[in-house]
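Chemist: Residue numbers (the UniProt record's numbering), protein chains in the order written: chain A, 1 to 253; chain B, 1 to 253.
Got a structure here, written out as structure tokens. Questions coming.
Number of protein chains: 2
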Amino acid sequence: MTDNPAAPGARRTRRPSERRARRSAPTLSLEAIIAAAIEILDMEGLDALTLRRLSSALGVGVASLYWHIDDKDDLLDQCAANILRPVIARYRERAIDPDRWRAQITDLSTAQYDLVRDHPWLPLATSEAVNQITPSGAHLAIIAAWDRTGALLLAAGLSPLEAFHATTAISNHLIGMGASASRAAAAQRAGADRAEVLRQTSEHMLALAARSNETMPYLIATAPVLADHDEREQFMGALNLILDGVEQRVRHD
Amino acid sequence: MTDNPAAPGARRTRRPSERRARRSAPTLSLEAIIAAAIEILDMEGLDALTLRRLSSALGVGVASLYWHIDDKDDLLDQCAANILRPVIARYRERAIDPDRWRAQITDLSTAQYDLVRDHPWLPLATSEAVNQITPSGAHLAIIAAWDRTGALLLAAGLSPLEAFHATTAISNHLIGMGASASRAAAAQRAGADRAEVLRQTSEHMLALAARSNETMPYLIATAPVLADHDEREQFMGALNLILDGVEQRVRHD
DNA sequence: ACCTGAACACCGTTCAAGT
DNA sequence: ACCTGAACACCGTTCAAGT
């Protein structure tokens with residue numbers, strides 16, 4: 001309605017005014033906003049990121065943010081993109097070696113896992129910002145990773161459909177690990193260290209199993225495994241299972 | 001602080017007052033609340049479920065809900081439990097047949113997938129209500145499914161650690177499918193039918209790929225697959241890949 | 001070009017008060 | 001035992017107005 005004369009058209013100009021340095025404070029910038037937002041996300045989780053909280057951390061008014069970002073989804077999208085882009089890009093620089101498809105998929109996937117482990121808000125943030133159709137957004141980075149994984153599977157000899165199923169399994173695995181990583185991070189923030197959390201979880205599950213009137217043989221058998229497992233090894237273990245399935249189809253072609 | 005004399009102690013008494021039938025309206029009940037909440041969740045998604053919206057759909061004041069539920073997380077937990085419990089229980093009644101481990105795991109997993117497809121809010125709702133330690137909650141149902149899957153894997157001959165990795169892969173797969181199911185449902189609500197959404201998605205991805213200055217060979221090769229895929233088949237395809245990986249370890253024991 | 005304060009239309013939750 | 005209205009402390013977003 002109001003014809004805003006200074007609306008940032010196609011995409012925001014980065015580093016709005018490079019010249020001009022007589023303003024007292026560091027002034028606001030898109031980069032500063034994203035950096036501050038990521039810090040809050042990493043330290044306190046997705047729920048803690050509030051535009052009001054962010055603006056007060058930056059020492060500005062809430063409304064000021066809206067000159068730099070479209071809305072909260074846009075902010076989340078850009079936070080995710082900033083984390084994902086450089087890592088994915090680095091892996092895409094490597095040449096595809098069909099003979100080393102398994103090692104190369106493992107490398108790329110674990111790199112993504114490490115990102116998700118260190119920033120457990122990533123999967124939720126990107127799924128909330130799903131409408132953001134920025135060509136520079138997190139979606140492009142995710143698609144780029146998806147493409148590289150699929151390209152390696154094609155190089156290994158899978159059909160497009162088989163590769164489609166395999167990339168589905170791998171990316172779903174990453175999303176699922178994100179869910180448990182974000183639970184783990186929340187527990188960590190609430191106090192207890194990892195060993196304590198694991199012990200409680202395993203105990204809690206056994207208690208649930210005991211209170212239910214059905215027997216839970218697997219729960220009981222796995223309790224020791226669960227009580228003392230490394231989440232990264234859990235990721236790798238399930239990934240290897242998926243890649244074993246892939247390998248079988250490579251052989252039988 | 002205020003010693004509420006009528007606080008519902010351990011757990012809510014079901015069907016609070018069976019006698020007494022002279023009140024005009026159907027009066028509120030936990031069952032009615034949950035049923036109405038599930039209807040909103042199914043038709044309009046997780047974000048649409050607001051306590052105010054729910055209370056007005058029931059024709060009562062917002063605060064009234066709090067006599068029946070602890071808080072919103074409790075409500076979500078009970079909604080999820082109501083969906084999950086009967087289905088999981090039904091599958092747990094069947095006896096475990098070690099020779100048919102693969103078919104039985106496939107049956108249970110696809111039953112869970114169908115639940116997630118019909119109620120895409122399930123994974124998010126249960127992960128938000130993670131602190132709910134009700135023995136009757138959604139957690140117990142999820143753990144029961146997890147246990148049955150794991151028990152079948154043990155019966156097939158896997159070690160507890162291998163089974164742990166396999167259940168991880170399968171449940172992460174379900175969570176990931178939930179994320180895309182909920183995106184699909186949102187698109188459906190926004191108007192377009194599935195074929196249209198698929199066409200747009202595939203087109204959109206190709207456009208992104210084209211605009212980026214990297215080549216995306218897999219994206220291009222898979223575009224036709226993506227543009228015309230059935231999500232249930234996608235689920236089954238990836239599941240079969242995982243189970244192929246499992247089968248390999250069964251053979252080599 | 002960039003930032004502000006104040007307002008709008010929402011949230012979940014609490015609580016004294018009604019019947 | 002069950003429900004209410006009103007209030008509290010939040011949200012994201014808009015907008016006229018300042019510099």
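Heads up, the beta-carbon is just placed ideally off N, CA and C, and yes, glycines get one too.
Verify the CB distance criterion: does residue 113 of chain A have a CB-CB separation below 9 Å to chain B?
Modeler: Residue 113 of chain A does not count as touching chain B.
Chemist: DSSP state of residue 94 of chain A, grouped into three classes?
Modeler: Residue 94 of chain A: coil per DSSP, three-state reduction.
Chemist: Check whether the region 71–80 of chain B and the region 145–157 of chain B touch, using three or more Cβ-Cβ pairs below 8 Å as the test.
Modeler: Output reads no: the region 145–157 of chain B does not touch the region 71–80 of chain B.
Chemist: Using a Cβ-Cβ cut-off of 9 Å, state whether residue 274 of chain B counts as contacting chain A.
Modeler: Residue 274 of chain B falls outside the range modelled here, since chain B spans only 1 to 253, and no answer is possible.
Chemist: Could you compute how far the alpha carbon of residue 155 of chain A sits from the alpha carbon of residue 224 of chain B?
Modeler: Looking at the two C-alpha atoms, the distance is approximately 19 Å.
Chemist: Indicate whether at least one CB of chain A lies closer than 9 Å to the CB of residue 99 of chain B.
Modeler: It does not; no Cβ of chain A falls within 9 Å.
Chemist: By alpha-carbon positions, which one of A/218, A/158, A/54 and A/176 ends up nearest to residue 159 of chain B?
Modeler: Comparing Cα-Cα distances from residue 159 of chain B to each of A/218, A/158, A/54 and A/176, the minimum goes to A/218.
Chemist: Between residue 206 of chain A and the rest of its own chain, which residues show a CB-CB distance below 8 Å, the 5 nearest in sequence each way excluded?
Modeler: Correct list, in chain order: 219, 220 and 223.
Chemist: If you reduce the DSSP assignment to three classes, tell me which class residue 3 of chain A lands in.
Modeler: Because the pLDDT at residue 3 of chain A is just 32, under 50, the model does not fix this residue reliably, and the point stays unresolved.
Chemist: Anything in the region 147–159 of chain B with a Cβ closer than 7 Å to a Cβ of chain A? List those residues in chain order, please.
Modeler: Listed by position, the residues of the region 147–159 of chain B near chain A (Cβ gap below 7 Å) are 147, 150, 151 and 154.
Chemist: Take residue 97 of chain B as the anchor and find which of B/241, B/153 and B/244 has the nearest alpha-carbon.
Modeler: If we check each option's Cα against that of residue 97 of chain B, B/153 comes out closest.
Chemist: With a threshold of 9 Å between beta-carbons, can residue 120 of chain A be considered close to chain B, or not?
Modeler: No - not a single Cβ of chain B is within 9 Å of the one on residue 120 of chain A.
Chemist: At which residues does the alpha helix (DSSP H) containing residue 102 of chain A begin and terminate?
Modeler: Looking at the DSSP string, the run of the alpha helix (DSSP H) that includes residue 102 of chain A is 101–118.
Chemist: Just tell me which of B/78, B/214, B/109 and B/157 has its CA closest to the CA of residue 137 of chain B.
Modeler: The option with the nearest alpha carbon to residue 137 of chain B is B/78.
Chemist: Within 10 Å of its beta-carbon, does residue 64 of chain A have 16 or more other beta-carbons around it, so buried, or fewer, so exposed?
Modeler: So residue 64 of chain A counts as exposed.
Chemist: Report, in whole angstroms, the separation of the C-beta atoms of residue 121 of chain A and residue 174 of chain A, which I expect to be a contact under 8 Å.
Modeler: Wrong, their Cβ atoms sit about 14 Å apart, outside the cutoff.
Chemist: Would residue 95 of chain B and residue 144 of chain B be called neighbours here (beta carbons separated by less than 9 Å)?
Modeler: No, the pair does not count as a contact, with Cβ atoms beyond the cut-off.
Chemist: With H, G and I counted as helix, E and B as strand and the rest as coil, what does DSSP make of residue 156 of chain B?
Modeler: Residue 156 of chain B: helix per DSSP, three-state reduction.
Chemist: Would residue 123 of chain B be called buried (16 or more neighbouring beta carbons within 10 Å of its own) or exposed?
Modeler: Residue 123 of chain B is buried by the Cβ-count criterion.
Chemist: In whole angstroms, what is the alpha-carbon distance linking residue 163 of chain A and residue 54 of chain B?
Modeler: Spanning the two alpha carbons is a distance of roughly 43 Å.
Chemist: If the cut is a Cβ gap below 8 Å, which residues of chain B does residue 230 of chain A touch?
Modeler: Those do not exist, as residue 230 of chain A stays about 12 Å from chain B at its closest Cβ, beyond 8 Å.
Chemist: Quick one: is residue 239 of chain B buried, meaning 16 or more other Cβ sit within 10 Å of its Cβ, or exposed?
Modeler: Classification for residue 239 of chain B: buried.
Chemist: Rounded to the nearest angstrom, what separates residue 37 of chain B and residue 37 of chain A at their Cα positions?
Modeler: Going from the Cα of residue 37 of chain B to the Cα of residue 37 of chain A covers about 33 Å.
Chemist: Exposed or buried, residue 188 of chain B, counting other C-beta atoms within 10 Å across all chains shown (16 or more means buried)?
Modeler: Exposed, because fewer than 16 other Cβ atoms sit within 10 Å of the Cβ of residue 188 of chain B.
Chemist: Name the chain A residues whose beta carbon is nearer than 8 Å to that of residue 208 of chain B?
Modeler: What residue 208 of chain B touches in chain A: 135, 139, 140 and 143.
Chemist: If the cut is a Cβ gap below 8 Å, which residues of chain A does residue 66 of chain B touch?
Modeler: Within chain A, no residue comes near residue 66 of chain B; the closest Cβ sits about 21 Å away, beyond 8 Å.
Chemist: Pick helix, strand or coil for residue 151 of chain A, following the three-state DSSP scheme.
Modeler: Correct three-state label for residue 151 of chain A: helix.
Chemist: Between residue 214 of chain A and chain B, is the shortest Cβ-Cβ distance under 9 Å, so that the two count as touching?
Modeler: Interface residue, yes.
Chemist: Ignore the nearest five residues each way along the sequence and tell me which others in residue 140 of chain A's own chain have a CB closer than 6 Å to its CB.
Modeler: Excluding sequence neighbours, residue 140 of chain A sits near nothing in its chain.
Chemist: Could you pull the start and end residues of the alpha helix (DSSP H) that residue 121 of chain B belongs to?
Modeler: Residue 121 of chain B -> no alpha helix (DSSP H), and no H or E assigned at all.
Chemist: Is there at least one Cβ from chain A nearer than 9 Å to residue 166 of chain B's Cβ?
Modeler: Yes, residue 166 of chain B lies at the interface with chain A (some Cβ there is under 9 Å from its Cβ).
Chemist: Can you list, in chain order, the stretches of the alpha helix (DSSP H) that have 4 or more residues and sit fully within the region 193–249 of chain A?
Modeler: Segments of the alpha helix (DSSP H) lying fully in the region 193–249 of chain A: 194–211 and 217–227.
Chemist: Per DSSP, what kind of secondary structure is residue 180 of chain B in: helix, strand or coil?
Modeler: In the structure shown, residue 180 of chain B sits in a helix (DSSP, three-state: H, G or I).
Chemist: List the residues of chain A whose Cβ lies closer than 7 Å to the Cβ of residue 241 of chain B, in chain order.
Modeler: Here the neighbours are 165, 166, 169, 242, 245 and 246.
Chemist: List, in order along the chain, the chain B residues whose C-beta lies closer than 7 Å to that of residue 92 of chain A?
Modeler: The answer, in chain order, is 214.
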